[in-house]
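Residue numbers (this note's numbering), protein chains in the order written: chain E, 1 to 333; chain G, 334 to 666; chain L, 667 to 1000; chain W, 1001 to 1334.
Note that the Cβ used here is the ideal one computed from N, Cα and C, for glycine as well.
Here the structure is a predicted model, which means the values were calculated and not measured.
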Amino acid sequence: MTVERLLMGHPLSSPDHARHALLYMYRIRKFEEAVEDLFGRGMMHGTMHLSIGQEAGPTGMCLALKLEDQITSTHRGHGHCIAKGADLTRMMAELLGKEIGYCGGRGGSMHIADAETGNLGANGVVGGGIPIAVGAALASKLQKKGTVAVSFFGDGAMNEGAFHEAANLAAIWKLPVILFCENNKYGMSSSTETAFAIDRLADRGLGYGIPGVTVDGNDVVAVYEACEAAVARARNGEGPTLIETVTYRWKGHSRSDKNLYRTKEEIEEWKHLDPIPNFISKVLAAGILNQEEIDAIAKMAQDQIIEAVNNAAQAKSAVPDGLLEAVFKAVSA
Amino acid sequence: MTVERLLMGHPLSSPDHARHALLYMYRIRKFEEAVEDLFGRGMMHGTMHLSIGQEAGPTGMCLALKLEDQITSTHRGHGHCIAKGADLTRMMAELLGKEIGYCGGRGGSMHIADAETGNLGANGVVGGGIPIAVGAALASKLQKKGTVAVSFFGDGAMNEGAFHEAANLAAIWKLPVILFCENNKYGMSSSTETAFAIDRLADRGLGYGIPGVTVDGNDVVAVYEACEAAVARARNGEGPTLIETVTYRWKGHSRSDKNLYRTKEEIEEWKHLDPIPNFISKVLAAGILNQEEIDAIAKMAQDQIIEAVNNAAQAKSAVPDGLLEAVFKAVSA
Amino acid sequence: MSTDNRMLTMAEALREAMGIAMDERPEVFILGEDIGIYGGAFGVTGDLYHRFSPERVIDTPISELGIVGAAVGAALSGMRPIVEIQFSDFTAQAMDQIANQAAKIHFMLGGALHVPLVLRTPQGSGTGAAAQHSQNLETWFANVPGLKVVVPSNPADAKGLLLSAIDDPNPVIFLEHKLLYKIPGRDPVPEGAIRIPLGVSKVVREGKDLTLVATGIMVNKSFEVAEKLAAEGISITLIDPRTISPLDMNPIFESVEKTGRLLVVQEGPSHGGFINEVIARVSESSSFGSLIAPIKRLAGMNIPIPYAPQLEKAAVPQIEDIEVAARELVKSWR
Amino acid sequence: MSTDNRMLTMAEALREAMGIAMDERPEVFILGEDIGIYGGAFGVTGDLYHRFSPERVIDTPISELGIVGAAVGAALSGMRPIVEIQFSDFTAQAMDQIANQAAKIHFMLGGALHVPLVLRTPQGSGTGAAAQHSQNLETWFANVPGLKVVVPSNPADAKGLLLSAIDDPNPVIFLEHKLLYKIPGRDPVPEGAIRIPLGVSKVVREGKDLTLVATGIMVNKSFEVAEKLAAEGISITLIDPRTISPLDMNPIFESVEKTGRLLVVQEGPSHGGFINEVIARVSESSSFGSLIAPIKRLAGMNIPIPYAPQLEKAAVPQIEDIEVAARELVKSWR
Ligand SMILES: Cc1ncc(C[n+]2csc(CCOP(=O)(O)OP(=O)(O)O)c2C)c(N)n1
Ligand SMILES: Cc1ncc(C[n+]2csc(CCOP(=O)(O)OP(=O)(O)O)c2C)c(N)n1
Ligand SMILES: [Mg+2]
Ligand SMILES: [Mg+2]
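This is how it looks when you write it as structure tokens:
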């Protein structure tokens, strides 16, 4: 799995790259569908924020990243986590409160992190991960590691003070960080029209001296190209970039959402802009993969998710022993 | 005093206006000099943040405001307070910990407020007053009062999350508020060059959809003109304006400041741009007042400050009785 | 509908209180995230947005510091804002406006201005939302002079206390346990604008063997224990302070003098937690002499709230834990 | 310079600790407002900016939330940041990163990552800086599982504890009373990298009539009282917990068992304040049985800190208050 993760590059640059981009988008889609199903059947606990419809963003971004590059993620973090190369079984196990879960059942969906793939964690706090990514980029600069940090966050998070303070620090210190905004049009029920008095959220960059670009967030190719340029800038010591990807979440904000703040028509319209067929048509047009190969990838993703669910379901549940000792990392003598 | 406060209008529009502008700038200057002296002689307690050199900003702004319009101020708040029309004796008494002080000796320099003149208070927290001014403007809108709120804050405050969140709320709700940034080049020891990656702080407005203007903060006429336009916009329901006034503080940040972060030359240069002679030369050139009249105004200000110091010094010191009861306003039956 | 059978949930009772206050006073308005069309993350504002107007039930961007600050400014300017913070955990974002501004303005300004503001927010564990969405933070607020702090345990109290909080000329932090929102209380909720004053503890039931002081949802759990143990001849006085700042100690002193035994229960982490105040006040009072057993404290573990249900349960006092503690205290110190 | 006469101030001792840690480990760096050329608002970083480099002593804009967040991110990525927040009052701005992020990450992520971060900040009253610059906020931090909290009372302890805090793989909040910065301690400060472990209370002096537990600057005030009363034949054991999370209760239990009387003293407001934890732990312990008098608590008034010196003094315990309390407790409960 980690070997596979090392693939970087333009999604249309080779059959392997196309296969990779497609596989990861399918994985995210199928993972989320499985989660929805498990919740629906009362087998999962807590809350869930699904990223169905938003698969192209994290996939495109992570194709521009090395394994050592770091990310911070959000409450809607499964996609980021998968795209950065996390193990599907351990993710699913976490959601099911199992010992082998990424957090040993202590964190759940909103707190999955994976040190191996540079994922510093999902975050239950809107905007909470942005300063943390900036700090990771600061560490990279101080340690001369050459790594880049990416902060994924939603449109809603841009109105938090955390975004502002972090963006300015990134700008003045020219840190290798990418501020990756997934503008899915809503922060819970509040639309970008009501929450902002600007049209292009990437314009926020102007106030910090950070270049801001807006791309079609449902086009993995466009996302990759913007990210690749931003990563190059970052590695070159030229500082941060704010990338706004315009996308849409198909599902409610979380399980309890009745979607009263948007129309069925709007949701349907966006379903026609599904990032997966969007990419498939490009792949087919370019003749990089054929339909049969594409179908095989979809099936492979589906099989991987089924396997993950099965493995996770059979794993041992987390037990309350040792919780107190788990609060602090032991001081080494 | 309060009658005098009602003067509004262009500082060069009449002898009364010119006299008013000049008197207020002198009052601020002389007040601060008196404070410095009292501190120096160990007669004042705590800390002090002087606005010598920055007199034109608050004076110009307040000439565009009605008595009912509201302001929120900062740790460097004497100038705002005086410009909005506060009583000099009660201000000085507060700094001396007297019962007749604006806060009864409980607040000191950083917390003077004056309900009568719409001053919602200085603030010890950098950026703390910005959301409060936005809330005052929200109240004005909800109550259809037609009043405007002004938040004074420094360049340093613009990097606080409070600025960001408040600015966005003001923008989306089109509130009658003016974000008045006194860019005096430093937030304590950090220069705007190190704390910002943009040259014009007013550009921050772009990220919120708020018009941003930059003016010479040592020119009371330029400040007034920008403010007058912003107030008109606000009263018209067109929303907030961000005004950046470029100015300079002559004195250290506070008493303990050794000015290690800036050069003597820089301080001297700015002293040549003194807002008071700057305005006097305009008044003389326009023939609105003659030198004799101007000298009389300077003397009047000086006398008023001496009187305030004397009155305050003779007043009764605050006593600790009743502190516990002062925490909450009594619930009326 | 007769008063006798108005078994509202706490969400309904809170909504009713806000509706009454908004009908009574034009200066009352609500602001918060998703409180409009969405009706609030926990459905508390519900239909108020439709009953009133988008100007009085104001949906905000995700900007806790900004909206609490705006509420402070509006409160200083003649309005009576009610802010809803979606989860109490995010009062952390707004802590400057809460603790450094709202709490201090009246005192610090020598009484010139005051801040009639209510901050309502759900707290507590039990929903599987993990460490950043499950905290009990009353300890933070209680230690800030200038804030009143309410922790209602049932719908009827919640309504009456919220009406008083809205009337109050001072900032009030209103901490609602999220598991209580959807369940009806034991008592019906009176109709109309019936207020319960802040700062009056409630003796929920009386007994002679043990004084049990609990806050928020722990009152409900403790009540069940008290009823159960009554059948075994252990008789418990259960006291719900309802407001923890100001804290009305009198009924607690009186009861301790009668029972000689004190058990205090809170959901939040024990270390330095608010409930210690009750212990401290008894320890330094003359009631101290009446104690015939060491005071016992039951509180959350000193850990962040974990996700998996079996772990989450272990983190905070359950009914069984309260039962064991009460039984032990009474039995081993006869 | 011999060790015997190194009577450093607390500011000097803290600076020395940071310098040693920075020499030892390249991953240690400092960030904060005005800590560079300015040398820190209270002069604590002093010349470190010149001794090291602007890359290791990083001056920041006024962005508390951002810089604490950046420190969290750096700590997750192999660095050991020390953040200075100019006044503890402004930890309010950074409360999300402190309480919701730094404190919880290690636990919440199942141990995958950890946050070796030290947050140093001056707290306390006495400088005439009024309500927003004078708070004691240890109660907030102590009730957040996942934070260690240090409250040093003298230069030697401050140095040794800070070195341990920097070594610690967990977030440590280091609360320095600002009146202590400029005064030398009673004891010399040892040279070199001498560490004092977190979580060990210090028995400052021993006596048999009264156990006095005090934190921060109150240790110094209490010491003076103890010395004075010793002359009158009242003998006091004075205990300085030094770290309040974790809190080492053993010496306190032992002493209470010996003296039978307990006085606790903190500067912060009494209502719900941290020091109650000591009372609670004694009350629920077996030492409770040894008490021959009610426990007495002395703490700040429940008011924001006022500006005028005569008011400011009235707001927090003074030496005379401690003396009166100690004397009364011993005399009236013979
Ligand atoms: C600081 C904070 N405020 C509020 C919330 C509650 N909340 C969780 S997600 C969310 C909406 C976030 O919107 P956005 O950033 O656009 O991300 P999206 O859900 O659209 O992916 C809200 C309000 C929170 N988790 N954290
Ligand atoms: C939130 C907060 N952080 C830090 C401080 C300490 N402090 C007081 S004034 C100041 C500098 C403010 O700079 P600026 O906003 O430019 O105002 P100026 O002093 O230049 O008028 C600082 C850092 C504070 N009072 N509040
Ligand atoms: Mg969104
Ligand atoms: Mg400045």
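- For glycine 451(G), the closest alpha carbon among the candidates Ala469(G), His343(G) and Gly460(G) is that of Ala469(G).
- Distance check between glutamine 976(L) and each of Ile883(L), Ser998(L) and Gly794(L) places Gly794(L) closest, using alpha-carbon atoms only.
- Assignment of beta-bridge partners to threonine 675(L) by DSSP yields Pro850(L).
- At least one heavy atom of ligand 3 lies less than 8 Å from the C-beta of glycine 187(E).
- Checking the 8 Å criterion, the Cβ of histidine 164(E) is out of range of every heavy atom belonging to ligand 1.
- Contact fails between the region 744 to 764 of chain L and the region 1275 to 1295 of chain W, because fewer than three Cβ pairs, one in each stretch, are under 8 Å apart.
- Residues Cys181, Leu201 and Arg204 of the same chain have their beta carbon placed closer than 7 Å to that of methionine 158(E), with the five preceding and five following residues left out of the count.
- For arginine 786(L), the enclosing beta strand (DSSP E) has its first and last residue at 784 to 789.
- Relative to alanine 318(E), the option among Lys979(L), Val982(L), Ala974(L) and Ala992(L) whose CA is nearest is Ala974(L).
- Contacts between aspartate 203(E) and chain G, judged by CB atoms closer than 7 Å, involve Leu539 and Gly540 in chain order.
- Between isoleucine 288(E) and proline 15(E) a beta carbon distance of about 5 Å is seen, short of the 8 Å cut, so the two are scored as contacting.
- Taking a contact as a CB-CB distance under 8 Å, the pair glycine 386(G) and tyrosine 581(G) counts as one, their CB atoms being some 5 Å apart.
- Glutamine 801(L) has its CB no nearer than 8 Å to any heavy atom of ligand 1.
- Within the region 677 to 713 of chain L, the runs of beta strand (DSSP E) at least 3 residues long that lie entirely inside it are, in chain order, 694 to 698.
- Among the residues facing chain E, glutamine 759(L) is included, as its CB has a counterpart in that chain under 9 Å away.
- Across the region 1123 to 1157 of chain W, CB contacts with chain L closer than 7 Å involve Ala1130, Ala1131, Gln1132, Thr1139, Trp1140, Ala1142, Asn1143, Pro1145 and Gly1146, in sequence order along the chain.
- Each residue's CA atom was taken as its position, placing proline 1188(W) and leucine 1163(W) some 17 Å apart.
- DSSP places glutamine 314(E) inside the alpha helix (DSSP H), whose first and last residues are 291 to 314.
- Remark: the C-beta of glycine 487(G) is in contact range of ligand 4, defined as less than 8 Å to any heavy atom.
- For arginine 249(E), the distance from the CB to the nearest heavy atom of ligand 3 is below 8 Å.
- Considered as a whole, the region 143 to 223 of chain E harbours 161 to 172 and 192 to 195 as its complete alpha helix (DSSP H) runs of no fewer than 4 residues, in chain order.
- One thing to note: leucine 1048(W) has its Cβ no nearer than 9 Å to the Cβ of lysine 1159(W).
- Against chain W, the beta carbon of glycine 128(E) has neighbours under 9 Å at Gly1069, Asp1096, Gln1097, Asn1100 and Gln1101, listed in chain order.
- Residues of the region 1071 to 1084 of chain W with a Cβ closer than 9 Å to any Cβ of chain E, in chain order: Ala1071, Val1072, Gly1073, Ala1074, Ala1075, Leu1076, Ser1077, Gly1078, Met1079 and Pro1081.
- Of all C-beta pairs linking the region 380 to 398 of chain G to the region 465 to 479 of chain G, fewer than three are shorter than 8 Å, placing the two stretches out of contact.
- DSSP links glutamine 70(E) through a beta bridge to Ala149(E).
- Following the DSSP letters along the chain, one finds histidine 1106(W) in no beta strand (DSSP E) but inside the alpha helix (DSSP H) bounded by residues 1103 to 1108.
- Under the Cβ criterion (8 Å, minimum of three pairs), the region 870 to 888 of chain L counts as touching the region 907 to 927 of chain L.
- By the 16-neighbour rule on beta-carbons within 10 angstroms, lysine 1182(W) is exposed.
- Within chain L, the residues whose beta carbon sits less than 9 Å from that of isoleucine 1303(W) are Phe773, Pro811 and Gly812, listed in sequence order.
- Counting other Cβ atoms within 10 Å of its Cβ, valine 990(L) stays below 16 and is therefore classed as exposed.
- Threonine 1211(W): member of the beta strand (DSSP E) spanning 1210 to 1214, first to last residue.
- Looking at the DSSP output, glycine 1300(W) bridges to Pro1269(W).
- For the 9 Å CB-CB criterion, tryptophan 250(E) and leucine 50(E) form a contact.
- Of the residues Ser151(E), Ala234(E) and Gly107(E), the one whose Cα lies closest to the Cα of histidine 799(L) is Gly107(E).
- Membership of leucine 828(L) in the alpha helix (DSSP H) is indicated by the continuous run 821 to 833.
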